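Chains S and C, in that order, give the protein sequences. Heads up, the first sequence is in our numbering, so the first residue is 41 and it goes up one at a time. Heads up, the second sequence is in our numbering, so the first residue is 19 and it goes up one at a time.
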Amino acid sequence: MQQGDEDKKKVTVRVCIGTGGLAAGGKEVIQAFKKAITDFCVDLDLDFTCHYQKVGCRGFCARDVLVDVVDGETSVTYQGIKPEAAKRIVQEHLIEGKPVTEWLIDDSYYAFHDKQLKILLKDCGTIDPEDIQAYINVGGYAGMKKILSGMTPDEVIAGIKASGLRGRGGAGFPTGVKWEACRKAPGDAKYIVCNADEGDPGAFMDRSIIEGNPHSVIEGMMIAAYAIGSSLGYVYIRAEYPSAVERLKLAIAQAHEIGYLGKNIFGSDFSFDLRIKLGAGAFVCGEETALIASIEGQRGMPRAKPPFPVHRGLWDKPTVINNVETLSNIPYIIRNGAEWYASIGTEKSKGTKVFALTGKVKNTGLIEVPMGIRLGEIIYDIGGGIIDNKEFKAVQTGGPSGGCIPASLLDTPVDYESLAKVGSIVGSGGMVVLDETDCMVNIAKFFLEFTQAESCGKCVPCRIGTKRLLEILTRITKGEGREDDIKLLEDLCADVRVTSLCGLGQTAPNPILSTMKYFRDEYEAHIRDKKCPAKVCKDLITFYVIEEFCKGCGACMRACPAGAISGEKKKPHKIDPSVCIRCGACFDVCKFKSVGRD
Amino acid sequence: MAKVTIDGKTLTVAENTTILQAAKLLKIPIPTLCHHPKLTPFGGCRRCIVEIKGMPRPVTSCTTPVSDGMEVSTSTPYIESLRKTVLELILSDHPNDCMTCEQAGNCSLQDLAYEYGIRDNRFGGERRVYETRDGNPFIERDLEKCIMCGRCVKVCDEVQGVEAIDFGYRGFMSKICTSFEQDLECEFCGQCVSVCPTGALTGKLWIRKGRRGGQMETDTTCPYCGTGCNVTAHVKDNDILKITSREKTWNEGWLCVKGRFGYRFVQSPERLKKPMIKRNGAFEEVSWDEALDHVARRLSEIKEKHGADSLGGLSSARCTNEENYAFQKFIRAGIGTNNVDHCARL
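Structure representation (structure tokens):
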């Protein structure tokens, strides 16, 4: 006996296959659900249709794999799902009608989302990124249709200008102004380039947007192309993002298939096509002139501006280069109006910004917040505070070009001007939370290692200057700092900042300058007292046994990889500092807190 | 047109003129290191930075075009302090072995260090150390002395069209190298040697043959081909040590491998200085008159006996156009055959 389709029980299982979801086993989870449901249907002679929906990043990566089980009208979200959990969820939830409480999202899940305002990420975690129809169903390409059915390019530009949208790649240049300059630049051939060369350590918003909602970027590029008068666009994307590249390729192919890309789009005179160019792994290629050189097949090295790319860009033609997040905003602005967008955010920074919240914070993941939200709200309300309730020390924003902001400035609103005022930047949206166990000199050193290794080598201050800065920081962390090193760092930072050719060198000193500004005492402690207050710098700490607590259990002795610990059973042990490699294994393994660090 | 004021002096120039070019017209010196007037601007050495009123940070004058109303200061104490820092940084990664360097006395970096009086450097630290291992007979590359000005890369690409070298690697360890770091295998025109501002690139032929002192420079014409490039022979004790070419010649200072490195024939003991006739299996030196008579007689004999088409002439690329013209005229009109060709066509 065959039931009609209408009578069948309809279930949707929605699984995150963003980067975090995939890494946590999203694909295996889908397979497990498919198998569990099929098995039960056979065993119990059930018949219901199940729709397996793959969705992009939902933000709360710390809780991956996130799974929505939609049964009729009710949707239940599970967190931390492993493939093994599928069977129990199918049995208890779908068959017996009782959701499995063990894996249900809790209050912290809601707290994580409470202060967020999701515009770009809203569709990202709900639609299938591999299906153009899913994007169209939630209003996708309506913006493009709207402008093609009666908006002039100048009206589009005026709208973007009125929205107040500024570049999300880091510098915050007004997008509409950039478009207008390119539109006015003489020349027939013009290009729109999407900068998807996301490279800041820890930042993954551009990747998530392309993986979760690639069509929003394509639509954004189409609108930009229409506005500036371009018929060819390039997406410059990291080769290290294979799934983003795949989904983008698929999205472009699907858009072609239904005539959304190609000649005479929607029956208009407007034609537009897209090409993908894979980056070769150089951080500096995120700098627009280096990016252009890279697309042209040359070594990715920046050149001096002016002339700016809007006047002389790709193949020497007027070119607009916009970041993924910037472009992804465009369809929503066109669809909902400039006024709507301008109503979000602060006076000079409009809309929302996506941040990758990482570090020592309880809730890590991808967040989207309205501009102007306080740093403290992000860290304590969304982030849930510091892991193990340790003391907050600083938040690093803007990646290697940014700075560290101390606890005293947690009231700072997150917008372009305010973060610049305290010595950092919005940047592309990395946000690393540091606690009392982080050494600020070491943090500065980490970022300088990055910028030095990624310098293209073209200009002297960046190639050699950042190397010398890194060397000075290294000797400070080794206890070999000299009394005048702070002054030398300050002087060299100031000169590298103004003499470097491109943004990479110009902003490379920021992590040093901001940490020296707010945590000067740590620098002084390293140099004068040869101590690392956070007890991170190996050369400046010694491990010793606190005899009165030591039970002589031998755990430390077994854990020590260097054989530096000796002692008889049940008698206090000893650490030989000349053999100790300061790895901290004894400190971590001791249950009696009898290993001290100084 | 744009009206620009540099150090108080005003000038009106075309809008795509760079600040550096405009300053030159005003005879205001701006120090440069990576800049070469015949190559596209690079902007890497940061020597030529200047301040522009209203701009947040200094700009490189070699890359920045003038705009109307621009006010430029080329040598404020602040700018000079920045230039000094950049110079210290370059010198902190330089062998500083001018004592034995081939280029001493003719080195832009040495001149700058002298000008700024840099003896003590605030910056020390790691220096790039490379092995020199080129197997070619012409060009020695000592990358430790390379200041990454990029002139060699540009001349190879923009003038010679060869692209034998480019920038490689990243950060402090970036360097100029060939593809996959193979030995240099190019035309060996040596244009890169001629534009290198330091001792990083040298002609192997003149290493240890003497630096500038005691040398006589004689301007002459390259004998190799009809192009007739102007060259300068650096002569010491009647021996040619080196060939260069001045920038203000019609060939703009550019030369090819033959003109630059192929000068040793001048002093070769094997060089023919007088005509010779082979008699009884051995060459004998003879006078020009005797040689020409001999050739004329034999040509006439052969033509009479076997006809004009039994003769042919092959001319040389080392002759001028005029000489080549006269030669073919002689073969065609004098001998009476069209059997004439030229080695450059082979």
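Virtual Cβ for every residue (Gly too), placed ideally from N, Cα, C. Just so you know, these numbers come straight off a predicted model, no measurement behind them.
Per the DSSP secondary-structure output, C/A251 pairs in a beta bridge with C/T236, C/I261. Annotation note: the region 224 to 256 of chain S contains the following uninterrupted alpha helix (DSSP H) runs of length 4 or greater, listed N- to C-terminal: 245 to 252.
C-alpha of C/C116 to C-alpha of S/D638: approximately 48 Å in a straight line.
Apart from the 5 residues on each side of it in sequence, S/V576 sits with its Cβ closer than 8 Å to the Cβ of T477, D478, C479, N482 in its chain, given in chain order. The beta carbon of S/T166 lies closer than 7 Å to those of V95 in the same chain, with the five residues before and after it left out. In the structure shown, the three-state DSSP call for S/V178 is coil.
When CB distances to chain C are screened at a threshold of 7 Å, the residues of the region 495 to 511 of chain S falling below it are S495, C496, G497, K498, C499, V500, P501, R503, I504, G505, K507, R508, E511, in chain order. Comparing C-alpha distances from S/A460 to each of S/S441, S/S448, S/A447 shows the shortest one belongs to S/S441.
Note that the C-beta distance between S/S468 and S/G209 is below 8 Å.
In terms of Cβ geometry, C/V173 and C/C210 form a close pair [threshold 8 Å]. For C/S212, the enclosing alpha helix (DSSP H) has its first and last residue at 209 to 213. Nearest in C-alpha terms to C/L57, of all of C/W272, C/V284, C/T236, is C/W272.
Under DSSP, S/I172 forms no beta bridge with any residue.
Boundaries of the alpha helix (DSSP H) around S/K461: 456 to 461. Residues are counted here when their Cβ sits less than 7 Å from a Cβ of chain S; for the region 119 to 136 of chain C the count is zero.
Straight-line spacing of the CA atoms in S/Y372 and S/A198 works out to 15 Å.
Within the region 326 to 359 of chain S, the residues whose Cβ lies closer than 8 Å to some Cβ of chain C are R339, M341, R343, A344, P346, P347, listed in chain order. Residue environment: S/A265 is assigned as buried (16 or more neighbouring CB atoms within 10 Å of its CB, all protein chains considered). S/A493 belongs to the set of residues whose beta carbon lies under 8 Å from a beta carbon in chain C. Within the region 341 to 388 of chain S, the complete beta strand (DSSP E) runs of at least 3 residues fall at 359 to 363. Ranked by how close their Cα comes to the Cα of S/K122, the residues S/L106, S/A279, S/G137 have S/L106 in first place.
C-alpha of S/L301 to C-alpha of S/I57: approximately 26 Å in a straight line.
Within chain C, the C-beta atoms nearer than 8 Å to that of S/L541 come from G61, G62, R64, T78, in chain order.
Taking 9 Å as the Cβ-Cβ cut-off, the region 306 to 324 of chain S approaches chain C at A322, F323, V324, given in chain order.
The beta-carbon of S/V217 is placed no less than 8 Å from the nearest beta-carbon of chain C. Pairing C/F301 with C/R289, the inter-Cα distance amounts to about 14 Å. In this structure, the beta-carbon distance from S/P169 to S/N253 falls below 8 Å.
Chain-ordered, the chain S residues with CB closer than 8 Å to the CB of C/I108 read V500, I504. Here DSSP, grouped into helix, strand and coil, assigns S/V285 to helix. Comparing alpha carbon positions, the residue from C/A218, C/I183, C/F190 closest to C/C204 is C/I183. For a cut-off of 8 Å, the C-beta gap from S/I187 to S/G260 is around 12 Å, too long to register as a contact. With a threshold of 16 other beta carbon atoms within 10 Å, S/N177 falls short and is exposed.
Against chain C, a Cβ distance below 9 Å from S/L188 picks out nothing, because the smallest value is about 37 Å. The alpha carbon of C/A131 has as its nearest neighbour, out of C/V104, C/P59, C/R145, C/N154, the alpha carbon of C/V104. Using a CB distance cut-off of 8 Å, C/G189 counts as an interface residue toward chain S.
With respect to the 8 Å criterion, S/T117 and S/I135 are not classified as neighbours on the basis of their beta carbons.
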